[in-house]
Every structure is written in C-alpha cells, then in structure tokens.
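S.K.: Just so you know, we're using my numbering here: the sequence shown kicks off at 26 and counts up by one.
Sharing a structure with you now.
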Amino acid sequence: MNSLAFLNRTRFRIYFYRYKPFGVPLVVIFICVILFISVIIPQIQQWIAMQKEIAISEERINVLTKNLTFANKINNTAADKYLRLVTKALPVNKDFVNILAAINDAAIDASVPLNDYVFLVGSLSDETKNIRNTLPVTITITGGLPEVKRFIASLKNQLPLSEITDIQITSTVSTLTIAFYYKPFPEKVSFQPTRPLQNLTQKERFLIESLISIDISSRRSALSIQEQLVEQ
Numbered sequence: 026m027n028s029l030a031f032l033n034r035t036r037f038r039i040y041f042y043r044y045k046p047f048g049v050p051l052v053v054i055f056i057c058v059i060l061f062i063s064v065i066i067p068q069i070q071q072w073i074a075m076q077k078e079i080a081i082s083e084e085r086i087n088v089l090t091k092n093l094t095f096a097n098k099i100n101n102t103a104a105d106k107y108l109r110l111v112t113k114a115l116p117v118n119k120d121f122v123n124i125l126a127a128i129n130d131a132a133i134d135a136s137v138p139l140n141d142y143v144f145l146v147g148s149l150s151d152e153t154k155n156i157r158n159t160l161p162v163t164i165t166i167t168g169g170l171p172e173v174k175r176f177i178a179s180l181k182n183q184l185p186l187s188e189i190t191d192i193q194i195t196s197t198v199s200t201l202t203i204a205f206y207y208k209p210f211p212e213k214v215s216f217q218p219t220r221p222l223q224n225l226t227q228k229e230r231f232l233i234e235s236l237i238s239i240d241i242s243s244r245r246s247a248l249s250i251q252e253q254l255v256e257q
C-alpha cells in the first residue's frame, strides 16, 4: 500500500510539473469564459434591445412628423364643409325638420300632392351605433304609378339619405313607407398619434362627390320652385 501511495504521489508530481505551464492560462481562459457569459453577453443583449427601441422611437417620430405635415395641409374650410354635408346626409339623430323638408321639397318638385304622413318614432333614447338606424315615415300621396315614380325620383335628390321600404299603389291614392337614415357620433373617438393619418380613399371621394351632386341638385330644385312661386 505504501509503495502504491508513493507511486501515485510521484505520478502526481510528474503531471503537475509537466502541465504547470498550462495551469495559469487555463484559469485565465475559464475566468474569461465566465466573464463573457455573465457580463459581455448581457451587455450585447442590452445593446440590441436599445437599438430596437431606438428604431421604434425613430419610426414613431417619422409618423408624427408625417401626421403633422398632413394636418397642416388640411383645408379647414373644406373639411368643415364636408363634415356639414355628410352630417346633413346622415344626421346624428332623428332630424324631423330636415326629413319633413326633404319630403315636401320632393313632393313640390315632382308636382305630387301630399295627403298625410305618419312618423314611426320609436325610442327617442335610441343611441345604438348601428348605421342601419332608421326613422320610418309613412306618407300618402294623391296619384298612381306615374306620380309615385316622379316622387321617388325627386326624393333620391334630397338629403337626408332615405330608402323606400314599402309601396302600396292604387289608381287615386298611393302609400309609401320611407326609411330615413341617421347615425350618432361615437361616444369616444379613438385617436392614436403613432398611427399614420390616411387621406380619403377613392371610394370615399366618390361618395362625397355624389353627396355634393345630390345637395346641389336639391338646392337647384328649391331655387326653381321659389322662382316659380315668385313668377306666379
């Protein structure tokens, strides 16, 4: 046993002196690896995260700059005019006054006598956000199919927007049910400064142009009616 122990100690000394020059470098390498894992890698990850945050911030700044440029180019007068137009076409509530005006103007323009009309009011506290909100109005006119056709053609050029939902025609008296549309403004407007502002699409431009055409046509009809009344 003593001889074996002596041999083991001797072998250990031989190995120690043989590999002693490599000990310090190995320890240094080991410490460097530990430092790299515990210090350098977190620093690299933090740098990458900072670069991502910088890129996101730069993108937000670019969006804000473009939004500011876009907002400065908006014609406030035109925007207000279009807002009043679309609100006239699709009121925020049950606009009885303009509805009656549209019916009367259509009847006068079509030379169709109105006999009676009935509002189906429904709930006055209706605040649903569905665009299909409608106020049905039932009217009775004197005349048959030709008078109904003229009245419908004239009503298409009147605002607020409406739709004929029911027609009952006889040779002397006809009854029409008209649905006038309205839509309340949303209670909360969701505005995100970091979202790019969008210009009107081609479809939206066409819709506004159509509303402008209808509004101009209705004004011309009203002016023509006034001139006829004055001449009489």
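From the three backbone atoms N, C-alpha and C, an ideal C-beta is built for every residue, glycine too.
Determine the DSSP secondary structure at D120, reduced to helix, strand or coil.
M.R.: coil
S.K.: How many angstroms separate the CA atom of E84 from the CA atom of I73?
M.R.: 17 angstroms
S.K.: One question on the structure: do I99 and L139 come within less than 8 angstroms of each other, judged by their Cβ atoms?
M.R.: no
S.K.: State the start and end residues of the unbroken alpha helix (DSSP H) segment that holds T90.
M.R.: 66 to 98
S.K.: State the DSSP-derived secondary structure class of V49, mapped to helix, strand or coil.
M.R.: helix
S.K.: For T195, count the other beta carbons within 10 Å of its own beta carbon; 16 or more makes it buried, fewer makes it exposed. Which is it?
M.R.: exposed
S.K.: For L225, which residues in the same chain have their Cβ closer than 8 angstroms to its Cβ, ignoring the five residues on either side in sequence?
M.R.: Same-chain partners within the cutoff: I233.
S.K.: To the nearest angstrom, how far is the alpha carbon of F261 from that of T200?
M.R.: Since the first residue shown for the chain is 26 and the last is 257, residue 261 is missing from the structure and cannot be characterised.
S.K.: L180 by DSSP, collapsed to three states: which one?
M.R.: helix
S.K.: Helix, strand or coil: how does DSSP classify Q217 here?
M.R.: coil
S.K.: Run through DSSP, which three-state label would F258 get?
M.R.: Shown here, the chain extends from 26 to 257; a query on residue 258 therefore has no answer.
S.K.: Q68 to L51, Cα distance in whole Å?
M.R.: 24 angstroms
S.K.: Buried or exposed, going by whether 16 or more other CB atoms sit within 10 Å of the CB of Y180?
M.R.: Reading off the sequence, residue 180 comes out as Leu, not Tyr. Flag for L180 reads buried.
S.K.: For R220, collect the residues of the same chain with a Cβ closer than 8 angstroms to its Cβ; drop the 5 residues on either side in sequence, then sort them by chain order.
M.R.: V88
S.K.: According to DSSP, is Q173 part of a helix, a strand, or is it coil?
M.R.: The amino acid at residue 173 is misidentified as Gln; the sequence shows Val. Reduced to three states, the DSSP call for V173 is helix.
S.K.: Consult DSSP for V263 and reduce its assignment to one of helix, strand or coil.
M.R.: With the chain covering 26 to 257 only, the question about residue 263 has no answer from this structure.
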